[in-house]
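Remarks on the structure that follows.
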Amino acid sequence: MKLESLSNELFFELFEYLNGVHLIRAFHDLNFRFNKLLFVHFRQFEFDFRSISKRDFDFICQQYLPLIIHRVTSLSISDNEETPNLFHHLLTYGFTLHQFTGLKSLSFFHKKINKILTESIYLTQLTHLKLIQCYYNNHEDELVDLINNIWRLPKLTHC
Numbered sequence: 318m319k320l321e322s323l324s325n326e327l328f329f330e331l332f333e334y335l336n337g338v339h340l341i342r343a344f345h346d347l348n349f350r351f352n353k354l355l356f357v358h359f360r361q362f363e364f365d366f367r368s369i370s371k372r373d374f375d376f377i378c379q380q381y382l383p384l385i386i387h388r389v390t391s392l393s394i395s396d397n398e399e400t401p402n403l404f405h406h407l408l409t410y411g412f413t414l415h416q417f418t419g420l421k422s423l424s425f426f427h428k429k430i431n432k433i434l435t436e437s438i439y440l441t442q443l444t445h446l447k448l449i450q451c452y453y454n455n456h457e458d459e460l461v462d463l464i465n466n467i468w469r470l471p472k473l474t475h476c
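Heads up, the sequence shown is in our numbering, so the first residue is 318 and it goes up one at a time.
Right, here's the structure in full:
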């Protein structure tokens, strides 16, 4: 049996288990059918950019993210030694958080979160927000306002 002979439904089931980075690496440009399945029919992408190479990140941001940004449901971004300044690189491509209209889960690791939290108030579908080893370096009263804004997100249940 050939891979191409499997049903579309089976591929959609398989796609659910793969990180968007791995999904695009594995299936993009294999043939017209896979491209159509990925970019026309598949409805949600989860991107974990914590251990991505700069080359792969650039490729996804340039070639695919503009086409599927509204279908990204989960985004994990780190600013550690493996992936330095990743969020800044995302911004240099012209993306902002509020463009991720389908985003339900947002995770930041090792990141200064001042501006990020300000932009997160536009994420009306967000249910999960994770800030792991992040820091904030403005005045304490501004931090309180920011935290209050986060809890005003209409669908946020986990933070």
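From the three backbone atoms N, C-alpha and C, an ideal C-beta is built for every residue, glycine too.
Start-end ranges of the alpha helix (DSSP H) lying completely within the stretch 387 to 468, minimum 4 residues: Counting whole runs of 4 or more residues, the stretch 387 to 468 contains the alpha helix (DSSP H) stretches 403 to 409, 431 to 436, 457 to 468.
Pair within 7 Å by beta-carbon distance, residue 367 and residue 395: Yes, Cβ-Cβ distance for residue 367 and residue 395 is below 7 Å.
Local Cβ density within 10 Å of residue 353, reported as buried at 16 or more and exposed below that: exposed
Simplified DSSP state of residue 346, which is helix, strand or coil: coil
Sequence-distant residues of its chain with Cβ nearer than 6 Å to residue 375 (five each side left out): Correct list: empty, nothing qualifies.
Cβ shell of residue 390 (< 8 Å), same chain only, five flanking positions each side left out: 361, 362, 363, 419, 420, 421, 422
C-alpha distance - residue 431 paired with residue 356, whole-angstrom precision: In a straight line, the C-alpha of residue 431 is about 33 Å away from that of residue 356.
Sequence-distant residues of its chain with Cβ nearer than 6 Å to residue 469 (five each side left out): none
Local Cβ density within 10 Å of residue 329, reported as buried at 16 or more and exposed below that: exposed
Which of helix, strand or coil DSSP assigns to residue 363: Strand at residue 363.
Neighbour flag for residue 431 against chain D, beta carbons, 7 Å: Looking for chain D here will not work: only one protein chain is present.
Straight-line Cα distance separating residue 336 from residue 343: One Cα belongs to residue 343, the other to residue 336, and the distance between them is close to 11 Å.
Option in 465, 475, 358 with minimal Cα separation from residue 384: Per the C-alpha coordinates, the member of 465, 475, 358 positioned closest to residue 384 is 358.
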